[in-house]
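What follows is a short report on a single structure.
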Amino acid sequence: MHDSLSRRKVIFEPGVPGKVGMYLCGPTVYSDAHLGHAKKEVAFDVIRRYLAHRGYAVRYVSNITDVGHLQNDSDDGEDKMLARAALERLEPIEVAEKYYWSFMDDMARLGVQRPSIQPRATGHIPEQIELIEELTRRGHAYEANGSVYFEVRSWPEYGKLSGRKLDDQEEGTREAVRGEKRDPRDFALWKRAEAGHIMRWQSPWGVGFPGWHIECSAMSLKYLGESFDIHGGGLDLEFPHHEAEIAQAEAAGHPFARYWMHNNMLTIGGEKMSKSKGNFTTLIDLFKRVDPQIVRFLLIGSHYRSITEFSEEGFVSAHSGYRRLHDALSETLRRLPGAPEKPGDPLLAQVRTHVSAFEAAMSDDFNTPRAVAALFNLTTDVNAALAGAAHQQSPGRDALEAARAAYLELGGSVLGLFAAGAGAVGAQDDTALVGTLMDVVLEARQHYRLSKQYAASDALRGKLAGVGVTVEDTRDGARWKR
RNA sequence: GGCGCUGUAGCCAAGUGGUAAGGCAGAGGUCUGCAAAACCUCCACCACCGGUUCAAAUCCGGUCAGCGCCUCCA
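So the number in my numbering is just where the residue sits in the first sequence, counting from 1, plus 1026.
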């Protein structure tokens, strides 16, 4: 895997054999999630799934930021959770609840597994205060007018993650420097609440609210321990957020995360998709016209550390490719029951080759594009064997069974594909009824075809196509799919 | 200005010094009542200029273009 801290690929070795503790910076729930969030969530979901596939017991912790931090400057300005609340005439906590559930729904549809623990910032104020007190005791933080700041100068390692040296950074390039900080680069751990601030808690320094970075340090340490394996997040959080997390934890005496992983950004028209730029597509809107499974497939089609360029035609391409894999799986399942015993079927060796290629790709820094390519190569061989079977005889049971296992375990469990129903949360499951109805329709159409009334049979096929159902005639009779 | 990243076929996208995975689109063929699917075949002067090397998309230097972070951001 690639480690952001050492800036190279390293062999992953968990701190405790057989177990992996992972922490992922989650969303601030003040608006709907967009495709960029999906890239991050899916990327780390696949990493988690692969580690589980390799036999690790994974504890996956991902937070929910429901405090709402500052909108403009890091020292003053309006809390964005409060801003949203005012806009929607809701209590801040209602805003958080609303977008929390919206986020959870989006993730469920994308097939993202739920975290083992999903702590909320507002539920861990005491832990955050405790960590701040420890930093103060150790001389790495100081109080000023009811706010507490981390003193960057007191921690020489500050900057080791992002490769920034303190002296390189320009001072005062942004906004006016607030007088109460000893150094403009010091960041807030606790902020004094002004009169109008709704979200506020009692602390040793008076009434206030936590700074942006402290929650992740406090919650990851609480649920994963002094030192845990992997800390993940978006590349845009590397600095200052993760840099601050490390400083906070280590300066307080905790070894903290052993490996750091960052996913790259998703771009549209060559520019980063982000809330502030306004060039985003929310998942809720997207799912109205694109199957979430297709979105997921598109996202794993590029490596997590690469930039993913988003475009509408990408969905068309992803849809076609996904269908090719999906159809091959369906056909494999359909043919399996009647497959003969066939020792030495060359397909079996081919399947094993592709499974190995998949594992090799995923073991090399979770290379999902190469892993997907292995599935496509598998599909070419499976389809060729099945097509040849029309003339000769079916592929052997062992080979088809191995292919089935490859699709379901690698494509399904690891990559999170082929999850029937995952994209249709809340939809009625009338699969059986539809299947029966389609049997009736196809039987009628077959009647026309046998009596060479092709106009009538084509009319039926045309009407079905009109509602998104494709009919295919094969040697074994007609099939349909949508 | 500082730190960092990217430039591979019409589009998307891998690539660990030994002459380019994969997908979509496209072309031809097989099969088929016609389609569709499937199968077979075809489809890349790796941004540019130098250098190192027996050998470079891969390493080094430079040029051009673009992007990210340094302010909330996944």
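Idealized CB from N, CA, C, for every residue including glycine.
Check for me: the beta strand (DSSP E) holding His1288 runs from which residue to which?
Here residue 1288 refers to the residue found at position 262 when the first sequence is read from its first residue. That run of the beta strand (DSSP E) goes Tyr1285 to Asn1289.
If you reduce the DSSP assignment to three classes, tell me which class Trp1127 lands in.
Within the first sequence, numbered from 1, the residue matching residue 1127 stands at position 101. Here Trp1127 sits in helix by DSSP.
To the nearest angstrom, how far is the alpha carbon of Phe1323 from that of Ala1064?
In the first sequence, the residue the question calls residue 1323 occupies position 297. In the first sequence, the residue the question calls residue 1064 occupies position 38. Approximately 11 Å, taken between the alpha carbons.
Tell me which residue opens and which closes the beta strand (DSSP E) that Ser1229 is part of.
Position 203 of the first sequence, counted from the start, is the residue given in the question as residue 1229. Its beta strand (DSSP E) spans residues Trp1227 to Ser1229.
Check each candidate in Leu1404, Thr1462, Thr1054 and Trp1286 and name the one with the smallest Cα separation from Ala1147.
By one-based count along the first sequence, residue 1147 stands at place 121. Minimum Cα distance to Ala1147 is reached at Thr1054.
What are the boundary residues of the alpha helix (DSSP H) that Ala1244 is part of?
The sequence position of residue 1244 within the first sequence is 218, counting from 1. Per DSSP, Ala1244 belongs to the alpha helix (DSSP H) from Ile1240 to Leu1250.
If you measure between the beta carbons of Asp1105 and Ala1059, is that distance less than 7 Å?
Along the first sequence, one-based indexing puts residue 1105 at 79. Along the first sequence, one-based indexing puts residue 1059 at 33. Not in contact: Asp1105 and Ala1059 (Cβ atoms no closer than 7 Å).
Give the range of the alpha helix (DSSP H) segment to which Ile1294 is assigned.
What you label residue 1294 is simply residue 268 of the first sequence in a count that begins at 1. Taken as a continuous stretch (DSSP letters only), Ile1294 belongs to no alpha helix (DSSP H), being part of the beta strand (DSSP E) at Leu1292 to Ile1294.
Please return the same chain residues whose Cβ sits closer than 7 Å to the Cβ of Gly1442, not counting the five positions on each side in sequence.
Along the first sequence, one-based indexing puts residue 1442 at 416. Excluding residues within five positions, the ones whose Cβ falls inside 7 Å are Asp1071, Val1072, Arg1075, Gly1137 and Arg1322.
Decide if Val1466 is buried, meaning its Cβ has at least 16 other Cβ atoms within 10 Å, or exposed.
Residue mapping note: residue 1466 aligns to position 440 of the first sequence, counting from 1. It counts as exposed.
At 3 residues or longer, what runs of the beta strand (DSSP E) sit wholly inside the stretch 1328–1398?
1334–1336
Alpha carbon to alpha carbon, what distance is there between Ser1337 and Asn1289?
Indexing the first sequence from 1 puts residue 1289 at position 263. Indexing the first sequence from 1 puts residue 1337 at position 311. Taking the straight line from one Cα to the other gives about 19 Å.
Please return the same chain residues whose Cβ sits closer than 6 Å to the Cβ of Val1495, not counting the five positions on each side in sequence.
Counting from 1 along the first sequence, the entry for residue 1495 is found at position 469. If we look at Val1495 and ignore the five residues flanking it on each side, its Cβ neighbours are Trp1506 and Arg1508.
At which residues does the beta strand (DSSP E) containing His1257 begin and terminate?
Counted from its first residue, the first sequence places residue 1257 at position 231. Where His1257 is concerned, the enclosing beta strand (DSSP E) stretches over Ile1256 to Gly1260.
Just reading off the alpha helix (DSSP H) that Gly1492 is part of, what are its end residues?
For the purposes of this step, residue 1492 is taken as the residue at position 466 of the first sequence. Unbroken alpha helix (DSSP H) run through Gly1492: Tyr1480 to Gly1492.
Write down every uninterrupted run of the beta strand (DSSP E) in the stretch 1166–1197 whose length is 3 residues or greater and which is fully enclosed by it, in chain order.
Complete beta strand (DSSP E) runs here, min 3: 1167–1170 and 1173–1176.
Let me check one thing: in DSSP terms, what residues is Ser1088 bridge-paired to?
Here residue 1088 corresponds to residue number 62 of the first sequence, with the count starting at 1. According to DSSP, Ser1088 bridges with Leu1050.
CA-CA distance, Val1042 and Asp1391?
Translated into positions along the first sequence, residue 1042 becomes position 16. Translated into positions along the first sequence, residue 1391 becomes position 365. Near 20 Å, if we compare the C-alpha coordinates of Asp1391 and Val1042.
May I ask you to report which of helix, strand or coil DSSP gives Pro1145?
On the first sequence, position 119 is the one that residue 1145 refers to. Pro1145: coil per DSSP, three-state reduction.
In chain order, what residues of the same chain lie with their CB nearer than 8 Å to the CB of Gly1279, ignoring the 5 residues before and after it?
Stepping through the first sequence from its first residue, residue 1279 is reached at position 253. Closer than 8 Å at the Cβ level, and outside the excluded window around Gly1279, lie Glu1160 and Arg1164.
If contacts are defined as beta-carbon pairs under 8 Å, then His1352 and Ile1320 qualify, I think. What distance do you get, rounded to the angstrom?
On the first sequence, residue 1352 is found 326 positions in, with the first residue counted as 1. On the first sequence, residue 1320 is found 294 positions in, with the first residue counted as 1. In this structure His1352 is not in contact with Ile1320, their Cβ atoms being roughly 10 Å apart against a cut-off of 8 Å.
In the DSSP assignment, what residue or residues form a beta bridge with His1060?
Indexing the first sequence from 1 puts residue 1060 at position 34. BP columns for His1060 point to Thr1308.
What's the call for Ile1037, buried or exposed, on a 16-neighbour Cβ count within 10 Å?
As a position in the first sequence, residue 1037 is number 11, starting the count at 1. Burial call: exposed.
From what residue to what residue does the beta strand (DSSP E) around Pro1236 run?
Within the first sequence, numbered from 1, the residue matching residue 1236 stands at position 210. In this chain, the beta strand (DSSP E) harbouring Pro1236 covers Gly1232 to Pro1236.
Between which two residues does the alpha helix (DSSP H) containing Ala1214 stretch?
Position 188 of the first sequence, counting from 1, holds the residue named residue 1214. No alpha helix (DSSP H) holds Ala1214; the beta strand (DSSP E) holding it covers Phe1213 to Arg1218.
Can you tell me whether Gly1041 is helix, strand or coil according to DSSP?
Reading the first sequence from its first residue, position 15 is the one you call residue 1041. DSSP places Gly1041 in coil when its eight states are reduced to three.
Based on Cα-Cα distance, which residue from Leu1325, Leu1436 and Leu1486 lies nearest to Ala1400?
In the first sequence, counting from the first residue as 1, residue 1400 sits at position 374. Checked all of Leu1325, Leu1436 and Leu1486; the closest Cα to Ala1400 is Leu1436.
Measuring straight from C-alpha to C-alpha, what distance separates Tyr1249 and Gly1081?
Along the first sequence, read from residue 1 onward, the residue named residue 1249 stands at position 223. Along the first sequence, read from residue 1 onward, the residue named residue 1081 stands at position 55. When rounded, the distance between both Cα atoms is 21 Å.
So what does DSSP say about Arg1315, is it helix, strand or coil?
Counting from one through the first sequence, the residue named residue 1315 turns up at place 289. DSSP places Arg1315 in the coil class of the three-state scheme, outside both helix and strand.
According to DSSP, is Lys1301 helix, strand or coil?
The residue given as residue 1301 occupies position 275 in the first sequence. Lys1301: coil per DSSP, three-state reduction.
Give me the Cα-Cα distance between Arg1218 and His1239, rounded to the nearest whole angstrom.
Here residue 1218 refers to the residue found at position 192 when the first sequence is read from its first residue. Here residue 1239 refers to the residue found at position 213 when the first sequence is read from its first residue. When rounded, the distance between both Cα atoms is 16 Å.
Would you say Ala1410 and Asp1371 are within 7 Å of each other, going by their C-beta atoms?
The count along the first sequence starts at 1 and reaches residue 1410 at position 384. The count along the first sequence starts at 1 and reaches residue 1371 at position 345. Pairing Ala1410 with Asp1371 gives a Cβ-Cβ distance that is not under 7 Å.
Please determine, among Ala1470, Leu1292 and Arg1115, the residue with the shortest C-alpha to C-alpha distance to Ala1482.
Taking the first residue of the first sequence as position 1, residue 1482 is located at position 456. With distances taken between Cα atoms, Ala1482 lies closest to Ala1470.
In chain order, what residues of the same chain lie with their CB nearer than 7 Å to the CB of Arg1179, ignoring the 5 residues before and after it?
As a working mapping, residue 1179 is identified with position 153 in the first sequence. Counting only residues of its own chain and dropping the five nearest sequence neighbours on each side, Arg1179 has a CB closer than 7 Å to the CB of Asp1209.
With distances taken Cα to Cα, identify the nearest neighbour of Arg1423 among Lys1191, Tyr1480, Pro1369 and Pro1395.
By 1-based counting over the first sequence, the position of residue 1423 is 397. Of the listed residues, the one whose Cα sits closest to Arg1423 is Pro1369.
Going by DSSP in three states, Lys1207 sits in which element: helix, strand or coil?
In the first sequence, the residue the question calls residue 1207 occupies position 181. Coil.
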